[in-house]
Amino acid sequence: MQDRKKEMRKALLERRKQLDHNSVLELSGAIQRKILDSRFFKECPVIMAYMPIQNEVRTGFIISEGLAMGKTILLPRVADSERMEAVPVVNPDSELIKGALGIMEPHPSMPAADPRTIDLVILPGIAFDRKGHRLGFGAGYYDRFITHLKKDCILLAPAYDFQVLDQIPADDFDKPADLIITEKQIIHVSQKGRFIW
Ligand code: ADP
Ligand code: MG
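In case it helps, the numbering used here puts the sequence shown at residues 1 to 197.
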């Protein structure tokens, strides 16, 4: 299982690396606009986003628009080799520093929030399948973090269309996304979020 995941990770990361900068911005813009236009983005007051690395789908509009709309925006911070926490930010330009994984994260002095307050998690991934199964970087940070969320929290995965595969091997601890949004399609995996899309 871990070998199959590893192979897929490698192939999909290679594919993502091929994207030129303009495509990253253009496709990320289209994906973020769909999210920002959705009724449920508007209705969720507490949203956890992520800070992109490499050619990951950008989240800048989600963060800035969310803050401008008066929402609570949280960003992940790695606490130790297994644990990730969610920290509310107000001014990401000055509050973030590069963390252990090379990802920008909230300064260590900022307090983490109770994960049960989060309504919507923007879930990063290297690939997803139509059942919502997710391929992460291989450390399982999100799989563990998701177990602390409230039951009706929505897991929304922004992805380039090529990151949606027929099937991704899933372990028992893998937590599927509720919906996947690409520049071309919206895939509703669960009923969650469907009624307020
Ligand atoms: P990723 O989700 O980043 O693609 P994997 O799904 O391969 O990575 O998971 C990586 C590791 O995280 C696995 O070795 C697994 O044992 C561990 N893990 C995942 N979820 C949990 C959990 N809820 N509790 C403890 N360990 C977990
Ligand atoms: Mg996993």
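Just so it is clear, CB atoms sit at the ideal spot from N, CA and C, and this is done for glycine as well.
Does the distance from the C-beta atom of residue i to that of residue j stay below 8 Å?
| i | j | result |
| --- | --- | --- |
| Val24 | Pro158 | no |
| Phe161 | Thr147 | Inspection of the sequence shows that residue 161 is occupied by Asp rather than by Phe. Against a cut-off of 8 Å, the Cβ pair of Thr147 and Asp161 comes out as no contact. |
| Ala113 | Val87 | yes |
| Leu135 | Leu12 | yes |
| Leu123 | Cys44 | no |
| Pro169 | Arg4 | yes |
| Ile103 | Ile62 | no |
Report buried or exposed for residue i, applying the criterion of at least 16 other Cβ atoms within 10 angstroms of its Cβ.
| i | result |
| --- | --- |
| Gln185 | exposed |
| Asn91 | exposed |
| Gln54 | exposed |
| Lys150 | exposed |
| His21 | exposed |
| Glu105 | buried |
| Ser94 | exposed |
| Ile84 | Residue identity check: residue 84 is Met in the sequence provided, not Ile. By the neighbour-count rule (16 or more Cβ atoms within 10 Å), Met84 is buried. |
| Arg116 | exposed |
My understanding is that residue i touches residue j, with C-beta atoms under 8 Å, so please give their C-beta distance in whole angstroms.
| i | j | result |
| --- | --- | --- |
| Met48 | Leu74 | 4 Å |
| Leu156 | Leu179 | 6 Å |
Residues with C-beta closer than 5 Å to any heavy atom of ligand 2, in chain order: My final list is Asp143 and Asp174.
Cβ pair count under 8 Å reaching 3, the stretch 168-178 against the stretch 136-145: Yes, since at least three Cβ pairs between the stretch 168-178 and the stretch 136-145 fall closer than 8 Å, the two stretches touch.
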